[in-house]
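Asks: Quick one: this structure, given as structure tokens, is what I'll be asking you about.
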Amino acid sequence: MPVEVVVGGDGVECTGLVERGRDPGVLFLHGYSFRYTVWTETGAVEAPSSLGLSWAAPDMPYGKSTSCTSRTFSVDVNLAVARDAARRAGMGQVVVVGASLGARYAVYLAHSANVRGLVLVGPALGRDERAWDLARGIRVPVLIVWGDKDRVVGRKTVELLSRVIPKASLEVVEGAGHVVHRDAPEEFRGILKRFLEGVKG
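Counting from 632, one number per residue, gives the positions in the sequence shown under my numbering.
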């Protein structure tokens with residue numbers, strides 16, 4: 632059963648949910664307009680739970696309506712919160728699932744030694760040149776999940792990203808918009824579960 636915890640870093644504290652299990656654990660990073668509860672509301676956390684894996688879903692300081700004590704887009708602060716959430720869930724090895732803006736921070740985390748893979752959902756890297764540069768150097772498996780009705784991130788952008796990242800594959804979900812895990816929850820859970828099964832080997 633998930634437990635609500637306080638996670639934080641660099642003087643910022645946020646609410647989060649964690650469930651302890653086996654590695655690799657799954658760290659969920661929500662999009663700008665959402666909060667940590669989107670992952671339980673859409674059932675996305677059932678994918679790692681069904682495999683007995685740990686997971687953590689923190690509220691993030693970059694969120695529009697965050698519960699965090701401060702709101703900031705600072706990479707250092709957001710990564711500190713994310714890492715603390717993974718630590719609180721007892722994760723040694725981590726798969727990061729980042730949606731929209733959360734995908735940008737997932738790319739920053741990808742170069743951590745304990746990250747085993749990334750799932751980028753409607754990844755919104757925007758004009759963050761450092762994130763694009765970091766993407767080129769990612770050496771872990773990456774799955775990009777994109778809804779063909781996405782009006783925020785275009786097809787050309789995700790296709791470019793799938794070419795830029797060395798071990799990336801692109802899965803297109805028909806009929807889904809920018810928030811694939813909300814628009815096609817069952818399909819997304821299946822996609823995520825298959826990726827996790829491949830990573831945990």
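Note that beta-carbon positions come from the ideal geometry of N, C-alpha and C, so glycine has one too.
The beta strand (DSSP E) that contains Pro689, what's its start and end?
Replies: Position 58 of the sequence shown, counting from 1, holds the residue named residue 689. Per DSSP, Pro689 belongs to the beta strand (DSSP E) from 684-689.
Asks: Could you compute how far the alpha carbon of Gly748 sits from the alpha carbon of Val727?
Replies: Counting from 1 along the sequence shown, the entry for residue 748 is found at position 117. Counting from 1 along the sequence shown, the entry for residue 727 is found at position 96. Going by the C-alpha atoms only, they are around 6 Å apart.
Asks: Please name the residue, chosen from Ala799, Gln724, Glu644, Ala766, that lies closest to Cys699 on a Cα-to-Cα basis.
Replies: Working through the sequence shown from its first residue, we reach residue 699 at position 68. Of the listed residues, the one whose Cα sits closest to Cys699 is Glu644.
Asks: Give the DSSP bridge partners of Ser800, in chain order.
Replies: By one-based count along the sequence shown, residue 800 stands at place 169. Leu774.
Asks: Could you pull the DSSP bridge partners for Ala741 from this structure?
Replies: Locating residue 741 in the sequence shown gives position 110, counting from the first residue. In the DSSP output, where bridge partners are listed per residue, Ala741 has none listed.
Asks: Excluding five sequence neighbours on each side, which residues of the same chain lie with their C-beta closer than 7 Å to the C-beta of Tyr663?
Replies: Indexing the sequence shown from 1 puts residue 663 at position 32. Taken in chain order, the residues that qualify are Tyr693, Gly694, Lys695, Ser731, Leu732.
Asks: What residues match up with Thr700 in a beta bridge as DSSP calls it?
Replies: Mapped onto the sequence shown, residue 700 falls at position 69. In the DSSP output, where bridge partners are listed per residue, Thr700 has none listed.
Asks: Along the beta strand (DSSP E) that carries Gly673, what are the first and last residues, could you check?
Replies: By one-based count along the sequence shown, residue 673 stands at place 42. The displayed chain sequence assigns Thr, not Gly, to residue 673. Counting along the chain, Thr673 falls outside any beta strand (DSSP E), and DSSP gives it neither H nor E.
Asks: Here's a check: name, in chain order, each residue in its chain whose Cβ is nearer than 6 Å to the Cβ of Val795, leaving out the five neighbours to either side.
Replies: Working through the sequence shown from its first residue, we reach residue 795 at position 164. Correct list, in chain order: Ala766, Arg767.
Asks: Measure how close the beta-carbons of Lys798 and Pro772 come, nearest whole angstrom, since I'm counting them as under 8 Å.
Replies: By one-based count along the sequence shown, residue 798 stands at place 167. By one-based count along the sequence shown, residue 772 stands at place 141. Indeed they touch by this definition, with Cβ atoms about 5 Å apart.
Asks: Please determine, among Pro689, Glu805, Gly808, Gly785, the residue with the shortest C-alpha to C-alpha distance to Arg718.
Replies: Counting from 1 along the sequence shown, the entry for residue 718 is found at position 87. The residue with the shortest Cα to Cα distance from Arg718 is Pro689.
Asks: Mind checking Val634: buried by the 16 CB within 10 Å criterion, or exposed?
Replies: Mapped onto the sequence shown, residue 634 falls at position 3. Exposed, by the Cβ-count rule.
Asks: Is Gly733 helix, strand or coil when you go by DSSP?
Replies: Working through the sequence shown from its first residue, we reach residue 733 at position 102. Note: Gly733 maps to helix in three-state DSSP.
Asks: Can you tell me which of Ala687, Ala755, Asp779, Arg825 puts its alpha carbon nearest to the alpha carbon of Arg653?
Replies: As a working mapping, residue 653 is identified with position 22 in the sequence shown. Closest option to Arg653, Cα to Cα, is Ala687.
Asks: Cα separation between Ala737 and Val706?
Replies: In the sequence shown, residue 737 corresponds to position 106, counting from 1. In the sequence shown, residue 706 corresponds to position 75, counting from 1. Cα-Cα distance, rounded: 11 Å.
Asks: Just the Cα atoms here: how many angstroms apart are Ala713 and Ser793?
Replies: To locate residue 713, count along the sequence shown from 1; it is residue 82. To locate residue 793, count along the sequence shown from 1; it is residue 162. Cα to Cα, the separation comes out at about 24 Å.
Asks: When the Cα atoms are used, what is the spatial distance from Gly757 to Gly647?
Replies: Walking along the sequence shown from the start, residue 757 turns up at place 126. Walking along the sequence shown from the start, residue 647 turns up at place 16. Spanning the two alpha carbons is a distance of roughly 26 Å.
Asks: Between which two residues does the alpha helix (DSSP H) containing Pro816 stretch?
Replies: Position 185 of the sequence shown, counted from the first residue, corresponds to residue 816. Element bounds for Pro816: 816-831.
Asks: Could you give the DSSP three-state label for Asp715: helix, strand or coil?
Replies: Here the question's residue 715 lines up with position 84 in the sequence shown. Reduced to three states, the DSSP call for Asp715 is helix.
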